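J.: Numbering (the numbering used here), first residue to last: 621 to 854.
Built from N, CA and C at the ideal position, the CB exists for glycine as well.
For clarity, every value in this text was computed on a predicted model and none was experimentally measured.
First the structure, then my questions, so here it is.
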C-alpha cells in the first residue's frame, strides 16, 4: 500500500470521526424512551457493520487463498480478522454499556448478544490458528477454512431478532413521538458515523496489511540470503 494513500486516508478518517463525534453529542436529538444513553447506538451499530464486513472479507480472502495458494490472500485474511476482532470487541463493550441502564445488567443471554459472542470466539480461534501458522505453514489452510465457516454466523446474528425472542432494542422514538429513525438528523448522524467507522477500518486494514506484506518480503529476503550464503560456503 502506498504511504501517501495511507496518509491521506488517515486525514480523511480523522475529519470524518470528528464530524461524527460532533453530530452524536451535539447535533442529533435525544431519543425519547432511552434518553442520552441511546447515543451509544451511533457507535454500536457502525462497529457491528465494520466487524461483519471485515469477517466477510476474511472468508473471501480465505477462499482465494485455498484456491490460489498465494500468501497475499492469507495476509489479507489475517489483517481483516484482526480488524474485525477489534470492532467486534467494541460491539460487545458498547452493547454492555448500553444494556446496563436499559436492562439493568451488563450482560444477558439474548439471542443477538449470544450469537455475537460466538462470532468473537470463532475468530479468536482463527487468530490463534493463524499465529500458529507462522511456525507450521500447513496450519494456514486450516485457519482459512475456519475463517470461511465462522463467517456463516454473521447472517445468523442479523436475523436472530426474527428467529428467536429477544430484548434487543429495535425501536427508536424521538421526543416528538416519531418511531424508528424518522428524524432526518438521526439518519444523517448514523450515516456519517457508519462512513467514519468504515474509513477507520479501511485505514487500519491498510496499515496492518502493509505491515504483513513488508514482513513477508523481509522473510523472503532472509531466506534468499541464507541460500546464497550456503552456496558460497559450498
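For residue 767, does the three-state DSSP call read helix, strand or coil?
T.: Here residue 767 sits in helix by DSSP.
J.: As an exercise, report each continuous beta strand (DSSP E) stretch of at least 3 residues that is fully enclosed by the segment 687-726, in chain order.
T.: Listed in chain order, there is nothing to give.
J.: Return the Cβ separation of residue 728 and residue 719 in integer angstroms, given the expectation that the two are a contact with Cβ distance under 8 Å.
T.: Right, their Cβ atoms sit about 7 Å apart.
J.: Looking at the secondary structure, which residues open and close the alpha helix (DSSP H) in which residue 775 lies?
T.: Where residue 775 is concerned, the enclosing alpha helix (DSSP H) stretches over 773-783.
J.: Do you know how far the Cα of residue 692 is from the Cα of residue 837?
T.: Roughly 11 Å between the two C-alpha positions.
J.: Can you give me the C-alpha to C-alpha distance between residue 761 and residue 746, rounded to a whole angstrom?
T.: Computed Cα separation, rounded: 11 Å.
J.: Here's the rule I'm using: 16 or more other beta-carbon atoms within 10 Å means buried, otherwise exposed. How should residue 627 be labelled?
T.: Exposed, by the Cβ-count rule.
J.: Answer with buried or exposed for residue 831, where buried requires no fewer than 16 other C-beta atoms within 10 angstroms of its C-beta.
T.: By the neighbour-count rule (16 or more Cβ atoms within 10 Å), residue 831 is not buried but exposed.
J.: Buried or exposed for residue 580, please, with buried defined as at least 16 other CB atoms from any protein chain shown within 10 angstroms of its CB.
T.: Lying outside 621 to 854, the shown extent of the chain, residue 580 is not represented and no answer is given.
J.: Could you name the residues that DSSP lists as bridge partners for residue 655?
T.: BP columns for residue 655 point to 651.
J.: Residue 711 and residue 828 - do their beta-carbons sit closer together than 8 Å?
T.: Their beta carbons are not under 8 Å apart, which means residue 828 does not touch residue 711 by this criterion.
J.: Under 8 Å by Cβ, that's how I've got residue 810 and residue 646 pegged, so tell me the actual separation to the nearest angstrom.
T.: With 8 Å as the limit, residue 810 and residue 646 do not qualify as a contact, their Cβ atoms being about 15 Å apart.
J.: Using only CA atoms, which one of 768, 735, 750, 749 lies nearest to residue 668?
T.: Per the Cα distances, 735.
J.: Could you confirm whether any beta carbon from chain B is found closer than 8 Å to the beta carbon of residue 655?
T.: The structure shown contains no chain B; it holds only a single protein chain.
J.: Suppose contacts are defined by Cβ-Cβ distances below 8 Å. Is residue 629 in contact with residue 822 by that definition?
T.: Against a cut-off of 8 Å, the Cβ pair of residue 822 and residue 629 comes out as a contact.
J.: Can you tell me whether residue 779 is buried or exposed? The criterion is at least 16 other CB atoms within 10 Å of its CB, across all chains shown.
T.: That one is exposed.
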